[in-house]
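The structure appears below as structure tokens.
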Amino acid sequence: MSVILSKELLRKSIHLAGMLILVIYYFTDRFTVLFWLVPLVFVTLQLEWMRLSGSFRYPAVLLRPSEEHRVAGYVYSITAACIVIALFPKTIAITALTMAVLGDFSSGIAGAMWGKKADVRQMRLPIKPVPILLVMLLVSFFTGYLAAHAPGLAPLPAYSVALGALGATLADGVPWQIRGRVLDDNLTIPLVSALLMLLSMGI
Numbered sequence: 124m125s126v127i128l129s130k131e132l133l134r135k136s137i138h139l140a141g142m143l144i145l146v147i148y149y150f151t152d153r154f155t156v157l158f159w160l161v162p163l164v165f166v167t168l169q170l171e172w173m174r175l176s177g178s179f180r181y182p183a184v185l186l187r188p189s190e191e192h193r194v195a196g197y198v199y200s201i202t203a204a205c206i207v208i209a210l211f212p213k214t215i216a217i218t219a220l221t222m223a224v225l226g227d228f229s230s231g232i233a234g235a236m237w238g239k240k241a242d243v244r245q246m247r248l249p250i251k252p253v254p255i256l257l258v259m260l261l262v263s264f265f266t267g268y269l270a271a272h273a274p275g276l277a278p279l280p281a282y283s284v285a286l287g288a289l290g291a292t293l294a295d296g297v298p299w300q301i302r303g304r305v306l307d308d309n310l311t312i313p314l315v316s317a318l319l320m321l322l323s324m325g326i
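Here the working numbering = 1-based position in the sequence shown + 123.
Okay, here's the thing in structure tokens:
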């Protein structure tokens with residue numbers, strides 16, 4: 124196993140902790156999960172500010188080299204989870220966050236196996252390689268469909284899940300920018316996915 128792949132597996136395994144938020148939300152309600160998630164976001168932001176100001180450092184293996192001097196992906200992940208849970212219906216929120224966790228996990232591992240040229244921030248092409256996009260799309264759709272049809276949730280139609288998976292794939296594979304700054308995909312994947320699924324319900 125290459126060093127790049129092993130490091131990516133470790134980083135993405137930590138991101139899988141995001142599934143805990145989904146499990147808690149599934150068995151509770153919006154108020155309950157936001158009651159502890161909102162304070163956790165503020166604590167995370169405070170710790171990240173302290174890290175960036177040099178008060179302490181995480182082990183290098185937990186961060187990408189590009190994250191040493193900028194906000195790390197896990198901060199965007201937990202912030203996005205809070206926003207999506209607060210703004211969207213429960214089924215859509217759980218489905219979008221499932222795509223963000225498991226789809227991005229699979230895409231990251233596929234990208235690590237592909238090599239540095241799969242890093243959308245370092246390559247000249249405007250999108251990730253097609254095989255990695257397909258991994259993201261398929262994993263997002265199938266895991267999202269299972270999440271959207273979990274017992275006790277109001278099910279989403281397949282076309283809504285498909286649109287959500289497409290949105291997640293575009294957010295993962297295309298570097299979205301605002302004023303020249305690339306938005307972190309940990310933020311854009313669940314937001315774009317959830318928004319497209321919500322809009323599809325009006326079709």
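From the three backbone atoms N, C-alpha and C, an ideal C-beta is built for every residue, glycine too.
- Across the structure, L306 and L260 are spaced so that their CA atoms are roughly 20 angstroms apart.
- Comparing alpha carbon positions, the residue from P298, L322, R174 closest to V284 is L322.
- DSSP, reduced to helix, strand and coil, places V156 within a helical segment of the structure shown.
- At a Cβ-Cβ threshold of 9 angstroms, C205 and V146 do not count as neighbours.
- In the three-state scheme derived from DSSP, where H, G and I count as helix and E and B as strand, R193 is classed as coil.
- DSSP places R302 in the coil class of the three-state scheme, outside both helix and strand.
- Counting of Cβ neighbours within 10 angstroms places T155 among the exposed residues, the total staying below 16.
- In the three-state DSSP reduction, V297 falls in the coil class, being neither helix nor strand.
- Nearest C-alpha to A273 among I217, A203, S176: I217.
- S316 counts as buried, since at least 16 other C-beta atoms from the protein chains shown sit within 10 angstroms of its C-beta.
- Sequence-distant partners of M142 (beyond 5 residues in either direction) whose C-beta falls short of 6 angstroms from its own C-beta, in its chain, are V224.
- The beta carbon of A277 is closer than 8 angstroms to those of P212, K213, T214 in its chain, skipping five residues each way along the sequence.
- The residue from F265, Y268, W237, Y199 with its alpha-carbon nearest to that of V253 is W237.
- Looking at A209, A235, V258, Y197, the one whose alpha-carbon comes closest to that of G226 is V258.
- Comparing alpha-carbon positions, the option among L256, L175, A219 lying closest to I232 turns out to be L256.
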